[in-house]
Amino acid sequence: MSTALPTRGARTRKWARGFRRRETLAAYAFLSPWMIGFLIFMLIPMVASFVLSLTDYDALRAPTAVGLANYRQLMEDPDVRKSLTNTLVYALMSVPSTMAVSLGLAALLARTGRRSAGIFRTLFYLPEITPKVAVGVLFLFLFNGQAGLVNELLGLFGVQGPQWSTDGAWVKPGLVLMHLWSVGSTVVIYLAALKSVPPELYEAAELDGASRWRRFRHITVPMISGALFFTLIVQSIAALQTFDEAYTAFYGNASSAGYSSDAALFYLIYLFQQGFQFLHMGYASAMAWLLFAIIMVITLIQVRLSKRFVYYEGR
1 MSTALPTRGA
11 RTRKWARGFR
21 RRETLAAYAF
31 LSPWMIGFLI
41 FMLIPMVASF
51 VLSLTDYDAL
61 RAPTAVGLAN
71 YRQLMEDPDV
81 RKSLTNTLVY
91 ALMSVPSTMA
101 VSLGLAALLA
111 RTGRRSAGIF
121 RTLFYLPEIT
131 PKVAVGVLFL
141 FLFNGQAGLV
151 NELLGLFGVQ
161 GPQWSTDGAW
171 VKPGLVLMHL
181 WSVGSTVVIY
191 LAALKSVPPE
201 LYEAAELDGA
211 SRWRRFRHIT
221 VPMISGALFF
231 TLIVQSIAAL
241 QTFDEAYTAF
251 YGNASSAGYS
261 SDAALFYLIY
271 LFQQGFQFLH
281 MGYASAMAWL
291 LFAIIMVITL
301 IQVRLSKRFV
311 YYEGR
């Protein structure tokens, strides 16, 4: 009794299935370090923090279930409202200024030669790798109300500099100026986006008599709107989670000097106090989940609005 040999088409399909299986296994092998890291360092801690948010836990005794009591307390805590207000006001000041300054610097870099552009890209990016605590200490000296370099420079022009680190009206503007020190990554993103705009669009608009402003508004902005949208989301999330510079240069300085630190009480600073100073771990976990919900809502709104303003060439 003879056995029929598989046809060429069957052998090809079998080989293709084996190849796809090997490719899939290889893909999972390459992804496994990230997946394991996400599971251990992100997903499990997130689940644990949500469970802790439903408990009364001080890191010394076993947690006690309290249900939604921590979330109800959040709604009644005046310091939560104060810190959220400070954080949102800072975000509204920081995000547009960061994007505007970064776009201006990127536009200047786009006009320079290749060799000099590489040098300036490196110089602009260097502050990004500087530890934020070190930046906070540096600006603590620069913004010193009595002997800081910033006020010394303002004095040369006859301007009386404010008490940057202790005056509540100037804490947030000072923090925004500090944040503008490290816009290198945003500048690099915008520079890459500007370089990808087809030059023939500018040439055609110039031949039609379009002014520099109209070319920027109707060509540059739509063509780099994807990069603008990405940095808007990233900068918004970063601003809502500001901690290092604010605590080092403003909140900690005002507290140690005996001044009111309410203007520098940002949300993560208050969360840090509750969790690691007062050991209210359950309450701090509830605060973390409230911030997560706020960031999620703001991001979803931005994504929804982006459909009106973001231009994609494939559409």
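Position 140 of the sequence shown, counting from 1, maps to 140 under full-length UniProt numbering, and the rest follow consecutively. C-beta atoms are modelled at their ideal positions from N, C-alpha and C, and glycine is treated no differently. Please read these numbers as outputs of a predicted model, since none were measured by experiment.
Based on DSSP bridge pairs, tell me the residues matched to residue i.
{"i": "A48", "result": "DSSP output for A48 lists no bridge partner at all."}
{"i": "A65", "result": "T55"}
Just curious, the alpha helix (DSSP H) that residue i is in, first and last residue?
{"i": "E76", "result": "69-76"}
{"i": "I301", "result": "281-309"}
{"i": "W170", "result": "168-179"}
{"i": "R214", "result": "212-215"}
{"i": "L199", "result": "This sequence places Pro at residue 199; Leu is not what is there. Start and end: 199-207."}
{"i": "E152", "result": "149-156"}
{"i": "T231", "result": "225-240"}
Should residue i be flagged as near chain E, meaning a C-beta pair shorter than 8 Å?
{"i": "R20", "result": "Annotation note: the requested chain E is absent from the structure, which comprises a single protein chain."}
Kindly indicate which residue of the options has the alpha-carbon position closest to the one of residue i.
{"i": "G136", "options": "L154, V176, V51, R111", "result": "V176"}
{"i": "F266", "options": "L232, P162, A91", "result": "A91"}
{"i": "M99", "options": "S236, L39, M223, L279", "result": "S236"}
{"i": "T55", "options": "L300, I301, S285", "result": "S285"}
{"i": "P63", "options": "R308, T299, Y283", "result": "Y283"}
{"i": "Y202", "options": "Y190, T122, M223", "result": "M223"}
{"i": "A249", "options": "F309, V133, L39, R22", "result": "V133"}
{"i": "S165", "options": "R17, A147, Y311", "result": "A147"}
{"i": "T87", "options": "L240, T12, W213", "result": "L240"}
{"i": "G67", "options": "F50, A193, R81", "result": "F50"}
{"i": "R81", "options": "A16, L39, I294, L25", "result": "I294"}
Using a threshold of 8 Å, state whether the C-beta atoms of residue i and residue j are closer than that.
{"i": "A288", "j": "I269", "result": "no"}
{"i": "A238", "j": "V187", "result": "no"}
{"i": "D262", "j": "G118", "result": "no"}
{"i": "G145", "j": "G161", "result": "yes"}
{"i": "F124", "j": "M178", "result": "no"}
{"i": "A264", "j": "V171", "result": "yes"}
{"i": "A227", "j": "R215", "result": "no"}
{"i": "G174", "j": "F141", "result": "no"}
{"i": "G37", "j": "P127", "result": "no"}
{"i": "F243", "j": "F272", "result": "yes"}
{"i": "D79", "j": "L279", "result": "no"}
{"i": "L103", "j": "Y190", "result": "yes"}
{"i": "residue 318", "j": "S97", "result": "The requested residue 318 is not part of the displayed model; the chain covers only 1 to 315."}
{"i": "S225", "j": "F309", "result": "yes"}
{"i": "L52", "j": "M281", "result": "yes"}
{"i": "L194", "j": "A65", "result": "no"}
{"i": "T130", "j": "F120", "result": "no"}
query = At a cut of 8 Å, does the segment 62-77 reach the segment 270-289 through at least three beta carbon pairs?
reply = yes
ask   = How about the segment 220-236 and the segment 294-302: do they share at least three Cβ pairs that are nearer than 8 Å?
value = yes
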